Amino acid sequence: MIRFKLNGKETVYDGTPEMPLLWYLRDIVGLKGAKFGCGMSLCGACTVHQDGEAVRSCSVPMKEVNGASITTIEGIFANGLHPVQKAWMEVKVPQCGYCQTGQIMQAIALLNQNHNPSDQDIDVAMSGNLCRCGTYQRVRAAIHKVAKELA
Amino acid sequence: MNNIQNVSRRRFLKGSLAAGTFVLGARLVPDLLWANSSSAAPAVFQPDVFLAISSDGTVTIVAHRSEMGCGSRTALPLVVADELDADWSKVVIDQAIGDPKYGEQDTDGSHSVRSFFAQMRQIGATGRVMLIAAAAKQWNVPEKECATEPSFVLHKASGRKLSYGELAPAAAKLAVPKKEDVPLKRRSEWRYIGRDNSLFDLPDIVTGKATYGMDASMPGMVYASIEHPPVLGQKVKSYDDKEALKVGGVKQTLTIPPFKPPHQFQPLGGVAVIADNTWAAFQGRRALKIDWDTSPNSVYNSDQFRKTLESTARQPGKVVRNVGNVDAEFAKGGRIIEAEYYTPHLAHASMEPPVAVAEYRDGKVLAWVPTQNPQAVQETIAGVLGIKKEDVTCHVTLLGGAFGRKSKPDQAAEAALLSKQLGKPVKVVWSREDDIQFDFFHSVAAMYLKAAIGPDGKPTAWLQRTVYPPIGSTFDVNAKYADDEMGLGWNNLPFDIPNHRAENGPADAHVRIGWFRSVANIYHAFAIHSFADELANAATKDPVEYLLDLIGPPRIVPLDYKPDEQEEAKRYPLDTGRLRRVVEMVAEKSGWGKRPSGKGHGFGIAGHRSFLTYVATVVEVEVDGQGRVQIPNVWTAVDSGTVVAPDNVRNQFEGAASFGASLALLSEITVTNGVVDQNNFSDYQLVRMDTAPKHTNVYIVESDAPPAGVGEPGVPPVAPALYNAIHAATGRRIREMPLSRAKLV
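Each protein sequence line maps, in turn, to chains A and B. Every letter in the first sequence is one number past the one before it in my numbering, and letter 69, counting from 1, is 246. Every letter in the second sequence is one number past the one before it in my numbering, and letter 601, counting from 1, is 603.
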């Protein structure tokens with residue numbers, strides 16, 4: 178029996194312990210904000226938070242979330258738009274939008290640890306998140322915008 | 003017959019619109035045909051809802067094009083709303099299913115806005131005129147005394163005002179005015195067109211609520227993952243699913259029959275694992291043991307094939323454009339320059355892999371698909387199941403990227419086939435490995451160019467040959483020539499050269515070939531603009547000055563257009579004045595010539611017209627001691643005529659710089675014994691935050707010209723401009739893609 182918090186709610190899972198968190202979220206619980214992109218931690222589309230840290234949910238088996246607190250994009254929005262989501266809208270970052278929930282979750286984790294990231298900090302933190310539409314410049318601009326506003 | 007009809011009294015909406023709703027239907031045909039639409043009108047006109055105004059003021063506008071990130075789903079309804087003078091915050095967008103009554107729905111070729119701009123304006127303006135008429139009647143005043151502001155009709159003289167919602171029931175009873183009685187807004191009156199606006203789906207995207215194909219579901223649905231034949235055309239000889247069936251959650255396995263050539267969009271065949279979640283289906287698939295038959299495509303090795311393409315390119319090919327006599331000019335002797343260029347296969351790799359949900363029931367199919375072309379979904383499913391196209395309903399979700407891949411609905415046909423066998427809805431999910439290995443690939447290509455150089459350094463003759471397996475091979479097993487792709491930057495060289503010949507040589511396809519963002523323009527622009535830069539260097543001229551010299555004076559370039567291209571040619575002639583202007587603009591904006599190139603730092607330029615849009619791009623590179631390349635800046639000047647959503651245009655061209663940098667720097671698909679060598683983003687690489695161009699600066703030419711393409715034309719100039727910059731920085735000439743094949747130090 179695996180017990181953990183999902184978006185603040187006590188949750189119990191008794192299925193295959195090897196099932197990746199991503200597929201638990203998407204196919205079992207129906208939380209579809211985290212996206213499937215590669216299945217191998219290569220693209221970041223499935224990024225969620227485990228105890229506040231950005232993780233690739235496609236590569237986190239359920240047995241590893243025992244006792245953890247998991248937050249998905251749905252949990253981020255529960256209290257209204259997060260400043261990062263607001264910045265994403267103001268900068269008009271998305272094109273197709275498929276990778277953007279992962280980008281946003283990664284950016285929130287970055288900004289929680291580093292209130293004023295440099296370009297190089299952003300490169301390091303965000304380079305695991307692919308965007309085939311190529312919105313990187315706007316992702317960077319939106320992160321700087323949040324940092325400036327929170328300063 | 004008017005293309006727009008008042009269909010308020012029809013009851014075809016299954017009661018979703020309340021009584022008193024004002025509904026206009028429209029028959030959509032591309033704008034180029036629409037200009038003479040009375041002659042094109044069919045005998046039976048079956049308009050569907052296109053624009054509906056409910057008595058509560060909600061304005062529903064149908065989006066008949068797909069949204070894959072280019073903004074079409076926002077841009078076209080925005081044009082309707084502007085001419086209607088509706089309050090955009092009251093607009094709801096209704097995504098159309100696939101249906102021929104919407105006309106052509108294939109969201110490709112960067113043509114959604116260009117093909118439907120005039121009609122969207124007309125539909126909106128017609129609604130506005132009818133709402134004004136309804137108000138004028140109620141107030142008993144002349145219509146010309148009435149004006150509108152967003153979602154209201156006003157009578158200024160008396161200070162009266164009625165909302166569109168209040169007027170809807172009365173407008174619903176009026177006849178549609180004639181086209182000539184429907185004034186369009188002046189440009190200065192546009193509220194939304196040409197202004198900053200956001201994607202309609204933006205709030206849903208950032209909150210994770212947006213529904214892509216990957217997020218679609220149906221009650222009782224099962225999940226399928228399919229092991230496809232590793233080599234195109236292989237068939238299942240036998241298979242063993244014992245281990246697969248032991249995986250928890252796996253229910254059964256099923257075979258999918260092989261395609262009948264030509265493969266078109268048919269499923270590839272293979273073995274499907276059915277499970278109660280996606281992960282179980284993936285796991286079950288890994289445990290399958292399949293014995294595959296042989297295929298003639300097992301002989302395909304892309305390294306070998308390159309040599310074949312290159313040797314074909316050295317031989318005379320089919321002439322696709324001829325000006326003067328290049329042979330006579332070459333025979334004169336003098337200075338001759340030759341060069342060969344090569345580009346590999348590419349995979350689309352949209353972030354959302356192919357996926358579809360379909361249910362077969364009682365001879366009919368209901369499907370939810372992230373597709374660029376819902377009517378192709380209908381046709382393909384109908385074809386493989388032997389049912390009528392009308393019996394396939396295709397709902398269109400948002401697309402998590404597409405880039406041409408999602409014009410081809412093989413995965414939707416797989417879902418429908420499996421659903422028929424299982425008697426329940428099926429969701430087919432392709433893994434990233436499936437996506438990269440079984441794509442409809444961007445074609446591999448070889449180009450040969452030759453020029454005779456006059457005393458002034460300018461070419462007196464220019465010969466260009468291109469050779470690649472054509473997209474036509476997907477539809478015709480005998481297709482060897484790329485006849486339909488010559489207009490993509492090959493039979494329309496906009497240079498002022500007295501002797502010019504463009505040729506195309508034959509090539510066979512051994513993998514599925516398909517449209518890829520910007521299509522053949524990618525390799526054509528690469529060859530032409532690399533060669534132009536080589537000639538500028540040979541002539542020791544500045545590349546921008548030399549390019550402007552090649553383009554020559556402002557003029558309309560005479561080209562041979564096919565009968566079906568005549569309308570387009572009249573409306574969008576190849577105008578070298580516009581091409582010159584974007585080259586001059588990007589040179590000025592980038593500060594061209596102000597900082598010298600060399601010592602690992604350089605600038606390069608390319609200017610290419612595609613999808614009727616003129617684009618010039620300057621790339622700045624820095625190459626360090628280890629040969630690593632950074633792109634601090636890209637500057638792009640764009641003339642795409644009238645622009646609906648300028649910020650979205652900037653976003654598309656910023657994205658195109660990254661897309662172009664991916665293929666120029668990193669991406670390639672290679673094939674060994676018919677099997678694709680790459681699997682995932684580890685070996686099929688794309689630019690990331692740290693390797694993408696850092697700043698892309700987009701400049702849009704103010705223009706009243708008809709709208710042209712936006713989604714694709716940003717890509718082609720990037721690779722040649724980047725390679726030209728590398729040459730300026732290091733002296734190394736790059737003649738093959740991607741750069742990762744070359745060692746810069």
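For each residue, glycine too, the CB sits at the ideal point set by N, CA and C. Nothing here was measured: the structure is a model prediction, and the numbers come from that model.
- A residue is called buried once 16 or more other Cβ atoms fall within 10 Å of its Cβ, and Asn699 (chain B) is buried on that count.
- Of the residues B:Met220, B:Phe118, B:Lys460, B:Leu688, the one whose Cα lies closest to the Cα of Ala28 (chain B) is B:Phe118.
- Secondary structure of Arg519 (chain B) (DSSP, three-state): coil.
- Distance from the CA atom of Asp329 (chain B) to the CA atom of Val322 (chain B), rounded to whole angstroms, is 15 Å.
- For the segment 264-281 of chain A, residues whose beta-carbon sits nearer than 7 Å to a beta-carbon of chain B comprise Trp265, Met266, Lys269, Pro271, Gln272, Cys273, Gly274, Tyr275, Cys276, Gln277, Thr278, Ile281.
- By the criterion of at least three beta-carbon pairs nearer than 8 Å, the segment 623-632 of chain B is not in contact with the segment 679-689 of chain B.
- Taking one beta carbon from each stretch, the segment 418-425 of chain B and the segment 334-345 of chain B have fewer than 3 pairs nearer than 8 Å; the two do not touch.
- For Met122 (chain B), the secondary structure class from DSSP, reduced to helix, strand or coil, is helix.
- Taking C-alpha positions only, Val588 (chain B) is separated from Leu288 (chain A) by approximately 36 Å.
- For Trp294 (chain B), the enclosing beta strand (DSSP E) starts and ends at 291-294.
- One alpha carbon belongs to Arg287 (chain B), the other to Thr193 (chain A), and they sit about 17 Å apart.
- With a threshold of 8 Å between beta carbons, Gly402 (chain B) makes contact with chain A.
- Contact annotation: Ala149 (chain B) and Ala226 (chain B) have beta-carbon atoms that are not nearer than 8 Å.
- For Asp641 (chain B), the enclosing beta strand (DSSP E) begins and ends at 631-641.
- Here Asn291 (chain A) has Asp298 as same chain residues with Cβ atoms under 7 Å from its own Cβ, once five neighbours each way along the sequence are excluded.
- Close to Thr698 (chain B), with beta-carbon spacing below 8 Å, are these residues of chain A in chain order: Gln314.
- With a threshold of 8 Å between beta carbons, Ile247 (chain A) makes no contact with chain B.
- Taking C-beta atoms under 8 Å as the contact rule, Asn299 (chain B) and Leu348 (chain B) fail to qualify, at a distance of about 19 Å.
- In the DSSP assignment, Arg233 (chain A) is bridged to A:Thr224.
- Take the alpha-carbon of Arg519 (chain B) and the one of Tyr548 (chain B): they are about 29 Å apart.
- Within 10 angstroms of the beta-carbon of Val747 (chain B) lie fewer than 16 other beta-carbons, which makes it exposed.
- In the DSSP assignment, Trp370 (chain B) is bridged to B:Val359, B:His397.
- Against chain A, the CB of Gly210 (chain B) has a partner CB under 8 Å away; the residue lies at that interface.
- Distance check between Tyr241 (chain B) and each of B:Arg503, B:Ser669, B:Gly272 places B:Gly272 closest, using alpha-carbon atoms only.
- Ranked by Cα distance from Ala707 (chain B), the first of B:Val673, B:Ile63, B:Pro718, B:Thr644 is B:Thr644.
- Residue contact with chain A for Gly406 (chain B): absent (no Cβ-Cβ distance below 8 Å to any residue of chain A).
- A residue is called buried once 16 or more other Cβ atoms fall within 10 Å of its Cβ, and Asp198 (chain B), having fewer, is exposed.
- For Asn635 (chain B), not one C-beta of chain A is nearer than 8 Å to its own C-beta.
- By the CB criterion at 8 Å, Thr314 (chain B) and Gly507 (chain B) fall inside the cutoff.
- Counted as a single uninterrupted DSSP element, the beta strand (DSSP E) harbouring Ala341 (chain B) occupies residues 337-345.
- The beta carbon of Gly22 (chain B) is closer than 7 Å to those of Ser57, Ala170, Pro171, Ala174 in its chain, skipping five residues each way along the sequence.
- Rounded to whole angstroms, Val61 (chain B) and Val93 (chain B) show a C-alpha spacing of 5 Å.
- Chain-order list of chain B residues neighbouring Ile299 (chain A): Met691, by C-beta distance under 8 Å.
- The Cβ-Cβ distance between Asp87 (chain B) and Arg123 (chain B) does not fall below 8 Å.
- Ranked by how close their Cα comes to the Cα of His350 (chain B), the residues B:Asp437, B:Val394, B:Ala283 have B:Asp437 in first place.
- Closest option to Glu182 (chain B), judged by alpha-carbon separation, among B:Pro545, B:Thr128, B:Arg737: B:Thr128.
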